[in-house]
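Working notes, structure below.
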Amino acid sequence: MTKNSEIAGIFYEMADLLEMQGVQWKPRAYRTAARGVDAAEDIEKTYKEGGRKALLEIPGIGESLADKIIEYIETGKIKEYEKLTAKLPEGVHAMMHIMGVGPKKAWRLYKELNIRGVDELEKACKQGRLRSLKGFGQKTEDDILKGIATLRAGQERILLWKAWVISQDIIQRLKKLKEVRAIEPAGSLRRMQETIGDIDILVISTNPAKVMDSFTTMPDVVRVLAKGRTKSSVQLKDGINADVRVLEPRSFGAALQYFTGSKDHNIALRQIAIKKGMKLSEYGLFRGNRQVAGKTEEEVYKKLGLNYIPPELRQNTGEIEAAAAGKLPKIIGYDSIKGDLHTHTKYSDGANTPEEMVQAAIRMGYEYVALTDHSKSEHIAHGMETKRLLKYISEISRLRKKYAGKIAVLCGSEVNIMNDGSLDYPKKILDQLDWVVGSVHSGFKWSQEAMTKRIVAAIQSGQINVLGHPTGRLIGTRAPYSVDIERVIRAAKENNVALEINAFPTRLDLKDSHTRMAVDAGAKLCIGTDSHNTSHLAVMKFGIAQARRGWAEAKDVINTMPWKKLEKYISKCRG
DNA sequence: GCCGTTTTCGGCCCGACTGTTTTCAGTCG
6 MTKNSEIAGI FYEMADLLEM QGVQWKPRAY RTAARGVDAA EDIEKTYKEG GRKALLEIPG
66 IGESLADKII EYIETGKIKE YEKLTAKLPE GVHAMMHIMG VGPKKAWRLY KELNIRGVDE
126 LEKACKQGRL RSLKGFGQKT EDDILKGIAT LRAGQERILL WKAWVISQDI IQRLKKLKEV
186 RAIEPAGSLR RMQETIGDID ILVISTNPAK VMDSFTTMPD VVRVLAKGRT KSSVQLKDGI
246 NADVRVLEPR SFGAALQYFT GSKDHNIALR QIAIKKGMKL SEYGLFRGNR QVAGKTEEEV
306 YKKLGLNYIP PELRQNTGEI EAAAAGKLPK IIGYDSIKGD LHTHTKYSDG ANTPEEMVQA
366 AIRMGYEYVA LTDHSKSEHI AHGMETKRLL KYISEISRLR KKYAGKIAVL CGSEVNIMND
426 GSLDYPKKIL DQLDWVVGSV HSGFKWSQEA MTKRIVAAIQ SGQINVLGHP TGRLIGTRAP
486 YSVDIERVIR AAKENNVALE INAFPTRLDL KDSHTRMAVD AGAKLCIGTD SHNTSHLAVM
546 KFGIAQARRG WAEAKDVINT MPWKKLEKYI SKCRG
């Protein structure tokens, strides 16, 4: 954990603790500061290089909080924070993680019933002790018990592709109602975040009650969490929650904007509205009582003096300033990809034959596809011994001829980067391949320095076209290996090696912030699916989303090139 | 506690839903 996230975490917790005790406004300031610290550059480095003054530059950090940051960097603790936590048992704050329990309830439960944690709270609910408190009833007890069960069930975020599939299912069901005039996903799903906390769907309908009924009675619903006139919330059997809201056409754009978020982006937008003497809500942009925009998102942004900001960029990481200055990037479109350059077949650990993969690529409308089966040292994935590689080369050469004119078939391999940075086929073999993806598949625990040297050596070898899944992470399963990504990006640019954005749902590697660093540095990217069967080719859209979130334009991504241009590009790479 | 084209003092994002009340506070997103 970096010092940034440690300090941000403390500030968030301090905000909760202050709020519990009824302190006004400070909690808001602490949360703003926490977000500022989270988004800032390495805070320890900032302080060491620029002193206290540099900390004051961070949005949301003033005199008092700058001192607390310094105190933490120098002593490893913050006295004020220790004072706050000393006042109450550790478990009291944890009770706030239960849905329906906020700072005020947690505080009263502790003060009035001496409940000190989730386990004690559960017992008290079962004994019916909460209903003795003013404002608490039996329903509150039931809700808290359900909330505790949900909390214990994990409440993990799910991968983007899974949320995508579930949301498409809901949308298809609701679309069948003749009363539904329009329906769109919103929230983190529309922003195409790599993981999704819950599914938000917006509807325009002449009959909100019918939509609410249809939604809350869908077969996959295990529990209705809330059901109102225009908004309902349910828990689905996959463990994820889904919300549906019904809106009027005149405010649909404003609602789409509002419910797409992110929260930080929206707060910044609302502040702009206030500065311009207006008010922004999910019902529109208002000057007094008059709605000046709301039907479409485009007009909301326009009336705020901003260029339209695509959902994937709405992270409050500079996109609003860029939109105000007319300097937003023209990010890569979902239809810009001309081919897939990372796929597997039966020759290693894929499920389909090379020919089946080629035919599937044709169905995707691609101009080219590279088959890139694993190299010999990747035993676990049935990597190809040299002899089998030669057979593979000859089969693909046959396919190239057979499908000439329909699609360009590239013979490639995903070659392991060995411990010393060398590749596990000799140069004279690699020279026979059209396309080489170099990847790290071992030694994930190496030191940052050793891993960086190893990867940079592979990049400088002149034998790879692209660095596959550059940080090796598996979302929610395996942390990225430790690597100095800036040095890797620099080496990639200098050696004409592309950095992969691996589109496979568990990888999405590079991640958005690294992609943005690569774009800023002028390095090239390549979006590949790492498909292991023909249906995987369709995950390309999630890789494109990741590229968009990293501010990449089509010109930054080599597989947006038409075949003729890519062919020329390849001829200038390697050696 | 922060911040300034409304301010160095007095504001601080906005609204729906719920439960327990009977006009509202708390919570969530």
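Each residue of the first sequence is one higher than the one before, counting from 6 in the numbering used here.
We treat Cβ as the ideally placed atom computed from N, Cα and C, and that holds for glycine.
Proximal residues to residue i (C-beta, below 7 Å), its chain only, five neighbours per side dropped
i, result
"residue 149", "103, 105, 106, 126 and 130"
"residue 557", "336, 337, 520, 524 and 530"
"residue 57", "71 and 75"
"residue 261", "189, 191, 207 and 302"
"residue 495", "526"
"residue 155", "104"
Per-residue DSSP class, three states only, for residue i
i, result
"residue 26", "coil"
"residue 2", "As shown, the chain starts at 6 and ends at 580. That puts residue 2 outside it, with no answer to give."
"residue 226", "strand"
"residue 236", "strand"
"residue 198", "coil"
"residue 535", "coil"
"residue 139", "coil"
"residue 269", "helix"
"residue 64", "coil"
"residue 488", "coil"
"residue 19", "helix"
"residue 188", "strand"
"residue 163", "strand"
"residue 206", "strand"
"residue 103", "coil"
"residue 134", "coil"
"residue 552", "helix"
"residue 231", "strand"
"residue 10", "helix"
"residue 293", "coil"
"residue 181", "coil"
"residue 287", "coil"
"residue 483", "strand"
"residue 572", "helix"
"residue 558", "strand"
"residue 150", "helix"
Per-residue burial, residue i [other beta carbons within 10 Å of its own, 16 or more giving buried]
i, result
"residue 77", "buried"
"residue 170", "exposed"
"residue 417", "buried"
"residue 339", "exposed"
"residue 551", "buried"
"residue 606", "Examination of residue 606 is not possible in this model, given that the chain is present from 6 through 580 alone."
"residue 110", "buried"
"residue 299", "buried"
"residue 272", "exposed"
"residue 346", "buried"
"residue 30", "exposed"
"residue 146", "buried"
"residue 28", "exposed"
"residue 313", "exposed"
"residue 343", "buried"
Residues near residue i in its chain [Cβ-Cβ closer than 6 Å; skip 5 each side]
i, result
"residue 22", "89"
"residue 555", "517, 520 and 521"
"residue 13", "39, 42 and 43"
"residue 73", "83"
"residue 536", "348 and 542"
"residue 481", "none"
"residue 379", "353, 386, 388 and 419"
"residue 176", "188"
Residue i Cβ short of 7 Å to the ligand ZN heavy atom set
i, result
"residue 387", "With respect to the ligand ZN, the structure offers nothing, as it holds no ligand at all."
Sequence-distant residues of its chain with Cβ nearer than 8 Å to residue i (five each side left out)
i, result
"residue 288", "256, 259, 260, 296 and 299"
"residue 358", "350 and 351"
"residue 152", "103, 104, 105 and 106"
Check: Are the segment 287–295 and the segment 224–231 touching by the rule of at least three beta carbon pairs closer than 8 Å?
Finding: Remark: fewer than three beta-carbon pairs, one from each stretch, lie closer than 8 Å, so the segment 287–295 and the segment 224–231 are not flagged as touching.
Check: Is it a yes or a no for the segment 318–336 touching the segment 391–406, going by three-plus beta-carbon pairs under 8 Å?
Finding: These segments do not touch.
Check: Between the segment 458–473 and the segment 494–511, are three or more C-beta pairs nearer than 8 Å?
Finding: yes
Next item on the list: Identify every run of the beta strand (DSSP E) within the segment 298–384, keeping only runs that are complete inside it and at least 3 residues long; order them along the chain.
Entry: Listed in chain order, they are 373–379.
Notebook entry, point to check: Would you say the segment 418–431 touches the segment 379–391, given that touching needs at least three Cβ pairs under 8 Å?
Noted result: yes
Margin query: Threshold first: 4 residues or longer. Then list the alpha helix (DSSP H) segments lying entirely within the segment 236–263, N to C.
Written below: none
Notebook entry, point to check: Does the segment 350–364 come within contact of the segment 460–468, defined as at least 3 CB pairs closer than 8 Å?
Noted result: no
Notebook entry, point to check: Could you give the uninterrupted runs of the beta strand (DSSP E) lying entirely in the segment 491–546, keeping only those of 3 residues or more?
Noted result: 503–507 and 530–533
Next item on the list: Determine contact between the segment 236–255 and the segment 197–215, defined as no fewer than three beta-carbon pairs at a distance below 8 Å.
Entry: Judged by Cβ distances under 8 Å, the segment 236–255 makes contact with the segment 197–215, as three or more pairs qualify.
Next item on the list: Write down every uninterrupted run of the alpha helix (DSSP H) in the segment 393–463 whose length is 4 residues or greater and which is fully enclosed by it, in chain order.
Entry: The qualifying runs are 432–435.
Notebook entry, point to check: So, do the segment 445–458 and the segment 405–413 have three or more beta carbon pairs nearer to each other than 8 Å?
Noted result: No contact exists between the segment 445–458 and the segment 405–413.
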